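Below is one structure, written out as structure tokens; the observations come after it.
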Amino acid sequence: MFRPRKKSKKQMVNTAIILVIAVFTILYLLPIYWMGITSFRPEAKSMSWPPNFSPTGLVLDNYRVVFEQKSIFWYIRNSLIASIISVIFSLVIGCIAAFSFAFMRWKAKTKTSLLIWIISLRIMPPIAAAIPLFLIFARLRMIDTFPALILAYTFFNLSFVIWLVYGFFKELPREIVEAGLIDGCSYAKLFTRVVIPLTTPGIMTVTLLTFIASWNEFLFAVKLTAFNTRTIPVLISGFMIDRGLLWGQVSAVGLISIIPVIIVALFIQRYIVSGLTFGAIK
Amino acid sequence: MIEKRLKYYLILPALIIFLGLAIYPLFFALRGSFFIWRYGMPAQFVGLKNYIDLFKSSFAWNALQNTIIYVVLAVFLELIIGLVLAVLMNRELGFFRPVVRTALTIPMFVSPIVVGIIWRMIYNPHYGLFNWLLGTQGFAPTGNEYALFFVVLADVWQWTPFMYVIILAALQSIPPEILEAGEIDGTTGWQKFIHITLPSISYAIVIALTLRFMDATKALDLIYTLTYGGPGGGTETIGFLIFRTAFNDLNIGSATSFAIIFTVVMGILITRFLGWLNRRFEIV
Amino acid sequence: MKRIIVLSLIVISVLLIAIVPAFAAEKRFDGVTLKVFANSHDPMLKAVKWSIPVVKEKFGIDILMDEAPYGTQFDKAMSAFVAHTGQYDVIVGAHQWTGAWADGGYVIPLDDYIKNDPEFDPSIYVEKAYQINSEWKGIQYALPFNMEGRLMFYRKDIFEKEGFKVPTNLEEWLNIVQSINNNPEYKEKGIWGAVYMYATEQGISYPFETYFQMFDWDSVKTENGFWDDNFQVCIDKPKMVEAFQYWQDRLNDMPPGVESYNLPEAYQFYLDGKAAMTEVWPLTLYGMLLDPANADLRAKTGTADIAIGYPMSGGWGIFICADSKVQDAAWEYIKFMTNAENDLFFFKEFGKGPSAKATYTDDSLKETYGDWLEGQSEAISKAVCFGKIATMSEFYGGNYAVITNQIMTGKLPAEEGVDKLIEELKGILERAGYPQQ
């Protein structure tokens, strides 16, 4: 369709939008920039008036302290173990549960009640569950072990995964699913060949969100870890001392801790492309 | 008949985890709420005293009020901004897109504790960005009666990407045929949006809204580092109050009773809301 | 010939008798793992980290270290104690937690060790430090580790210029503050008389410190002016109302924004040279002033008695957990960490608040610290411990603290607020097991 006038209008609108978004993004990310800059400044200069935006006078002191004294790699390793494994568990268990709810014949009432019960588990303030969960794991002698942390995180994220993935599954056009079933696909094939590829953007989004939730989880990380499994949020909370705040070091740790997440997000970007998947399947 | 059993088998792992780790805490909380129980000391059975005290507690009502303001404001703002961003970013904008797309999600990656610390720096009355942007000096956003609104601001900053990411994924999952159908009919962009795009992503919006709503009511990490409930309880939300009662006071009876009332009320609200949505729009 | 042989045999046997026990002693705790719960407070954390290889070398003890900040350490410890997970042998704890741990039987009394260990000499500690960190109901539960009393920091240069004398009471202090605030020269530079914190966590100290000064300590047998020796509330209401009103009024004399000020903001403000006086925990500010970037300010800073009341005490002791299976090793460890030699070393190297008398009078420190340590020592001798009852955490961070903050910031009028405080305090004492009449 060749409509020159509309096209240039569209281009103008697009340029305007790009500008608006660019300005918004810069303002929106200002606090992140501020955190970054503070991490590269010596502690004594971390706060001054007027706020110093220019990337001058940058030093690596804070990072040196963080790497040498705070053994941040060890914390990153622990966080990675706990987060990645719990994400994998949540995804697998959650996706097959969501698949069941979305594509198999359920009595409407049963399905609705189950789904609502699942989401209601997320309502309980985690603080109230902190002590009993600690007691469960203490009884099982699992305090300060990775399985405890992974189980806890899987538990938290599962209802979230099930609901979101269920939603993405339900949004698939009925015809495609039905066509697959009529063609004699087994459920397994349907799942792997049809459903997952078509809902990849959604599932990847859920993966990212679940990873972030586990990566930044603080309350249970503090309670369930001790000598061997402390994760990054525990390290960060260690800076919240009543005696004073080391702005530079906290910023350094903060910046370092978002890098793995950004890596995961970038990795996921490749899968969130619209339109491509539909054409391929057709 | 494999199918009949299969659907149960598929949800079994999830159910095992839920039942295994949810039942005891629920039972523990329920039982604990009927005792005056200071963790570490013997408990005394007092029936409904904790619940009655809760209704008489000015701290609890204050927390309720703060929570309602916080949640309504934060979730509403996050939804609007997230929706606008998602729609804008869904357009064809060339190379620009992947970079900005990921960039916009970064605030969500940062640990809420760190977010609280950053905003504490920003809100500093004498050295903070906030004062500098406003051109003032000595204004303490978290030191006056309106501290709650500034905490909401920090929350919106952090969680808008949540809405944005979910809505964007939903937008990208809309089969192109549906969108094209709209174009053929010659409808305007705005109409197309309201009648075709929006309904297609309605499920995503509802679920994002519900999830965010539930998380906001329990909000804790941000408040813990930004204001610690201050000034004078001005930013104490239900989540924070329960935390303070359980962690600092070790007052298990009081904390669990509050948690239970909260869970029950929220559970009813959400069930009713989802039920209503389901009847009107067939969401579930 | 025979004599030489006999002599050598005697010498050899004497040597053997001398050396073998030494060997045996060195390996006494070989293979023992000690699980230490340290606090994230930098000086103490560094001291514990330092001790890991040292203790391995000296005693053969392997240390596993867990750390948590003040806000979460108490709860984490209680979780571990109540569930009897036995995950900690030794714990560095704030003195106000003693009651909760001792009453519950989660930490052991040290009296047996103290009596039976000839090596241990309690007189090396500053008496106050020993008692505060931590003795409870006549029994010693911890050895003092980090000891601090609130201290006032002031700008010697400004005082000299204006001809101020170091204030010794409320009136003198207020005169200085207002005089500086009204002085156009300082107004221009943005320098204030004082920056005192009003946020929830630390701001609760000032009104009580002032109250302590007004309180008639002879009127009733009490350690802290809040409750008497029978754990009945004995607050002198009019005096407390007066103290609170004093601080409510002082909001007018403070730089704007102090309602949101906690320690980090106060340190920052003072380090930026914007205040002539502040009252904070001394060790952290000393540490910051020792940073070469602040050398100029450090030369201009003096310390003195807080002047606005009796200073609040802050202290940490090392406790031995009741669930520990290696209590003998734990005792050696806490003795080692708190002995005079290490006390001095930890102060010099890491800035940990000293508890040993020797550190306060050490000559080698006079050069760097001048009379700061003397001021610290005096502050400690006058310091008041707010209390150690089992529910003490509610005092510092529960409704009691929130109400205090509400009065301080003017949200609640002083009279009504103090009434609420007294009600709350009664509840706190009752929950700790002391029924109120």
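Chains as they are written, first to last, in full-length UniProt numbering: chain A, 1 to 282; chain B, 1 to 284; chain C, 1 to 437.
No residue lacks a Cβ here, since even glycine has one placed at the ideal position from N, Cα and C.
These numbers come from a predicted model, not from an experiment.
Next on the checklist: Any contact between the region 76 to 94 of chain C and the region 355 to 373 of chain C? By contact I mean 3 or more CB pairs, one from each, below 8 Å.
Outcome noted: no
Item to check | Neighbour-count burial assignment, ALA24 (chain C), 16 or more Cβ in a 10 Å radius | outcome: Caution is warranted here: a pLDDT of 49 is assigned to ALA24 (chain C), below 50, making its placement in the model unreliable, and the coordinate value is therefore given only provisionally. Answer is exposed; the Cβ neighbour count stays below 16.
Next on the checklist: Between which two residues does the alpha helix (DSSP H) holding LYS49 (chain B) run?
Outcome noted: 49 to 56
Checklist entry - Based on the DSSP output, what are the partners of GLN44 (chain B) in its beta bridges? => result B:ILE36
Checklist entry - Which one of B:PRO161, B:VAL156, B:VAL151, B:ARG244 has the shortest CA to CA distance from VAL87 (chain B)? => result B:PRO161
Checklist entry - What is the residue span of the alpha helix (DSSP H) that THR72 (chain C) lies within? => result 70 to 82
Next on the checklist: For the alpha helix (DSSP H) containing TYR146 (chain B), name the first residue and the last one.
Outcome noted: Looking at the DSSP string, TYR146 (chain B) is not in any alpha helix (DSSP H), and its letter there is neither H nor E.
Checklist entry - Just how far apart, CA to CA, sit ILE29 (chain A) and GLU378 (chain C)? => result Here the sequence assigns Leu to residue 29 (chain A), which means Ile is not the residue at that position. Distance between the alpha carbons of LEU29 (chain A) and GLU378 (chain C): 49 Å.
Next on the checklist: Suppose you measure from the CA of GLY149 (chain C) to the CA of SER313 (chain C); what does that come to, to the nearest Å?
Outcome noted: 5 Å
Next on the checklist: My output table needs one value for LEU110 (chain C): the three-state DSSP class, helix, strand or coil.
Outcome noted: coil
Next on the checklist: Is PRO147 (chain A) close to chain B? Criterion is C-beta to C-beta, closer than 9 Å.
Outcome noted: no
Checklist entry - What separation, rounded to the nearest whole angstrom, lies between the Cα atoms of ILE176 (chain C) and PHE212 (chain C)? => result 22 Å
Next on the checklist: At the 9 Å Cβ level, is LEU158 (chain A) part of the contact set with chain C, yes or no?
Outcome noted: no
Checklist entry - Three-state secondary structure (DSSP) at SER393 (chain C)? => result helix
Next on the checklist: How far does the beta strand (DSSP E) with TRP192 (chain C) in it extend, from its first residue to its last?
Outcome noted: 192 to 195
Checklist entry - When you check each C-beta in the region 225 to 236 of chain B against every C-beta of chain C, which residues fall closer than 9 Å? => result THR227, TYR228, GLY229, GLY230, PRO231, GLY232, GLY233, GLY234, GLU236
Checklist entry - Does the distance from the C-beta atom of THR199 (chain A) to that of PHE168 (chain A) stay below 9 Å? => result yes
Item to check | Assigned exposure category for GLY85 (chain C) - 16 Cβ within 10 Å defines buried | outcome: It should be pointed out that residue 85 (chain C) corresponds to Thr in this sequence rather than to Gly. Buried is the call here.
Checklist entry - In its own chain, which residues sit with a C-beta less than 6 Å from the C-beta of LEU190 (chain A), not counting the 5 before and 5 after it? => result GLY180
Item to check | Residues near GLN178 (chain C) by beta carbon distance below 7 Å, same chain, minus five either side | outcome: GLY193, ASP253
Item to check | Best match in C:MET214, C:ILE306, C:SER219 for proximity to PRO238 (chain C) [C-alpha to C-alpha] | outcome: C:MET214
Checklist entry - For the beta strand (DSSP E) that contains ARG155 (chain C), what are its first and last residues? => result 151 to 155
Checklist entry - For LEU114 (chain A), which residues from the same chain have a beta carbon less than 8 Å from its beta carbon, with the 5 sequence-adjacent residues on both sides left out? => result PHE101
Checklist entry - So does the region 136 to 149 of chain A actually touch the region 45 to 65 of chain B, counting three or more Cβ pairs closer than 8 Å? => result no
Next on the checklist: Counting only beta-carbon separations shorter than 9 Å, does MET392 (chain C) have a partner in chain A?
Outcome noted: no
Next on the checklist: Short of 8 Å Cβ to Cβ, which residues in the region 341 to 358 of chain C face chain A?
Outcome noted: none
Item to check | PHE145 (chain C) vs ILE407 (chain C) beta-carbon contact at 9 Å | outcome: no
Item to check | Selected residue, minimal CA-CA separation from TYR261 (chain C), among C:ALA199, C:ILE5, C:GLY387 | outcome: C:ALA199
Checklist entry - Is LYS35 (chain C) helix, strand or coil when you go by DSSP? => result strand
Next on the checklist: Assuming SER313 (chain C) is part of the beta strand (DSSP E), what are its boundary residues?
Outcome noted: 313 to 320
Item to check | Neighbourhood of SER257 (chain A) by C-beta distance below 6 Å, restricted to the same chain and skipping five residues each side | outcome: ILE232
Next on the checklist: Counting C-beta neighbours from all protein chains within 10 Å, is the total for THR136 (chain B) 16 or more, i.e. buried, or is it exposed?
Outcome noted: exposed
Item to check | GLY47 (chain B) CB to nearest heavy atom of the ligand NAD below 8 Å | outcome: Annotation note on the ligand NAD: not contained in the displayed structure, which lists no ligands.
Checklist entry - Near TRP117 (chain A), what residues of its chain come up, given a Cβ to Cβ distance below 6 Å and the 5 sequence neighbours on each side ignored? => result none
Checklist entry - Are the region 53 to 67 of chain A and the region 210 to 226 of chain A touching, with three or more C-beta to C-beta distances below 8 Å? => result no
Next on the checklist: Am I right that ALA252 (chain A) and TYR63 (chain A) are in contact with their C-beta atoms under 8 Å? What's the rounded C-beta distance?
Outcome noted: 5 Å
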